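Reviewing the structure listed below.
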Amino acid sequence: TKWKGVVHSFDDTLELAQAFIEMGFYIGLNGCSLKTEDNLQVVRELPLDKILLETDCPYCEIKQTHAGFHHVQTKFQKKPDKKFELGKMVKGRNEPCQIIQVAEVIAGVKGVDVAEVA
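Structure, rendered in structure tokens:
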């Protein structure tokens, strides 16, 4: 009997990801999963049908220092304080709308269209 579920915020080796997939799990990827070149190499090898996109709001945004950042195409206006302003995000806080950025990085790494990832 296979397990069902998702390995949340995966940032480990391809071998471990493959073991989880073989057990029946999906691999959840978010900004924390896309920090290093090693992370991106793992993503490159994962089957798309076993990947679940995550944001892990309000944490794990894709930062400029992350290896996958150059694949991000969608940018959001941000403001420095925590007061709500329609149409702007609070700087340093990940929001659900940023799921598109996770999809863009995965698409860029895998060399496929973002619609195929989404």
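The numbering of the sequence shown is our numbering, which starts it at 4 and goes up by one.
Glycine residues also receive a C-beta, built at the ideal position from the N, C-alpha and C atoms.
As the structure is a prediction and not an experimental result, all values here were calculated from the model.
(message) I'd like to know whether the C-beta atoms of K91 and Q80 end up nearer to each other than 8 Å.
(response) In the sequence shown, residue 91 corresponds to position 88, counting from 1. In the sequence shown, residue 80 corresponds to position 77, counting from 1. Yes, these two residues count as a Cβ contact at 8 Å.
(request) Measure the C-alpha to C-alpha separation of V105 and T58 and round it to an integer number of angstroms. (result) Residue numbering aside, residue 105 sits at position 102 when the sequence shown is read from its first letter. Residue numbering aside, residue 58 sits at position 55 when the sequence shown is read from its first letter. Between V105 and T58, the C-alpha separation is close to 7 Å.
(request) Please say whether K94 and K78 have beta carbons closer to each other than 8 Å? (result) Numbered from 1 along the sequence shown, position 75 holds the residue referred to as residue 78. Numbered from 1 along the sequence shown, position 91 holds the residue referred to as residue 94. Not closer than 8 Å, so no.
(request) Pick helix, strand or coil for F72, following the three-state DSSP scheme. (result) Position 69 of the sequence shown holds residue 72. Helix.
(message) Our contact map puts G34 next to I54 with C-beta atoms below 8 Å; I'd like the distance itself, whole angstroms only.
(response) The residue you call residue 34 lines up with position 31 of the sequence shown. The residue you call residue 54 lines up with position 51 of the sequence shown. Incorrect: roughly 14 Å between the Cβ atoms, too far for contact.
(message) Going by DSSP in three states, V112 sits in which element: helix, strand or coil?
(response) Here residue 112 refers to the residue found at position 109 when the sequence shown is read from its first residue. Helix at V112.
(request) Whole angstroms is fine: what's the gap from E40's alpha carbon to K86's? (result) Against the sequence shown, residue 40 aligns to sequence position 37. Against the sequence shown, residue 86 aligns to sequence position 83. Here the C-alpha atom of E40 lies approximately 35 Å from the C-alpha atom of K86.
(request) Sort out for me which residues DSSP pairs G8 with in a bridge. (result) As a first step, residue 8 must be located in the sequence shown, where it is residue number 5. F28.
(request) For the alpha helix (DSSP H) holding L43, just list the boundary residues, first then last. (result) Residue 43 sits at position 40 when you count from the first residue of the sequence shown. L43 -> alpha helix (DSSP H) spans E40 to E48.
(request) Note down the Cα distance separating D84 from Q67, rounded to an integer number of angstroms. (result) In the sequence shown, residue 84 corresponds to position 81, counting from 1. In the sequence shown, residue 67 corresponds to position 64, counting from 1. The alpha-carbon atoms of D84 and Q67 are separated by roughly 20 Å.
(request) State the Cα-Cα distance for the pair A118 and P61, rounded to the nearest angstrom. (result) The count along the sequence shown starts at 1 and reaches residue 118 at position 115. The count along the sequence shown starts at 1 and reaches residue 61 at position 58. A straight line joining the alpha-carbon of A118 with that of P61 spans about 24 Å.
(message) Tell me the DSSP secondary structure of I54 in three-state form.
(response) For the purposes of this step, residue 54 is taken as residue 51 along the sequence shown, with counting starting at 1. It is a strand residue.
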